[in-house]
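Sequential numbering from 59 applies to the sequence shown in the numbering used here.
The C-beta atom is built at its ideal place from N, Cα and C for all residues, glycine as well.
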Amino acid sequence: MQATDALLARITVDPGVLAGKPTIRGLRISVQQVLKALAAGQTPTELMQEYPELEPEDFQSVLLYAADVVGEQRVYRLTA
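Right, here's the structure in full:
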C-alpha cells in the first residue's frame, strides 16, 4: 500500500495551478492532458521527450489516479 500512496502523492491539486485541476507534482501538466495524449497513441517515451520534467513514475501515478476516480463513481437507478 505504501507504493500506491507514494504514487498518488505525485498527483497534486492546487487552486493556483491550472485552476485546481489535478496535476503531476505541481507542474503545469494535468492528469487529463497526459491521459488524452496516451489515448491518442502517444507513448510515455514520446511524452517525456516533449515534457522532459516528466518521470516514468508519473505515468503510473496518472493511471492509478484515474482508476481511483473511476472506481469512486456510482450510478444509481432513480424511480419516478
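Quick test of your reading: residue i and residue j, contact by CB under 8 Å. State the CB separation rounded to the nearest angstrom.
| i | j | result |
| --- | --- | --- |
| Val133 | Ile82 | With 8 Å as the limit, Val133 and Ile82 do not qualify as a contact, their Cβ atoms being about 29 Å apart. |
| Leu112 | Ile87 | 7 Å |
Taking 8 Å as the limit between beta carbons, can you name the residues of its chain near residue i, skipping five residues before and five after?
| i | result |
| --- | --- |
| Ala124 | Val89 and Leu93 |
| Thr62 | Leu122 |
| Gly84 | Thr70, Asp72 and Val75 |
Under a Cβ-count criterion, where at least 16 other Cβ atoms within 10 Å of its own Cβ denotes burial, should residue i be classed as buried or exposed?
| i | result |
| --- | --- |
| Asp72 | exposed |
| Asp116 | buried |
Can you tell me where the alpha helix (DSSP H) with residue i in it begins and where it stops?
| i | result |
| --- | --- |
| Pro102 | Pro102 to Glu108 |
| Lys94 | Val89 to Ala97 |
| Ala77 | Segment: none, Ala77 is in no alpha helix (DSSP H) and carries neither H nor E. |
| Leu121 | Pro114 to Glu130 |
Going along the chain, which residues of its own chain have a beta-carbon closer than 6 Å to the beta-carbon of residue i, five neighbours each way excluded?
| i | result |
| --- | --- |
| Gln118 | Leu65 |
Are the region 71-80 and the region 107-119 touching, with three or more C-beta to C-beta distances below 8 Å?
-> Segments in contact, no.
Mind the definition here: the region 61-70 touches the region 92-99 only if three or more C-beta pairs lie below 8 Å; say whether that holds.
-> Between the region 61-70 and the region 92-99 there are fewer than three inter-stretch CB-CB distances shorter than 8 Å, so the stretches are not counted as touching.
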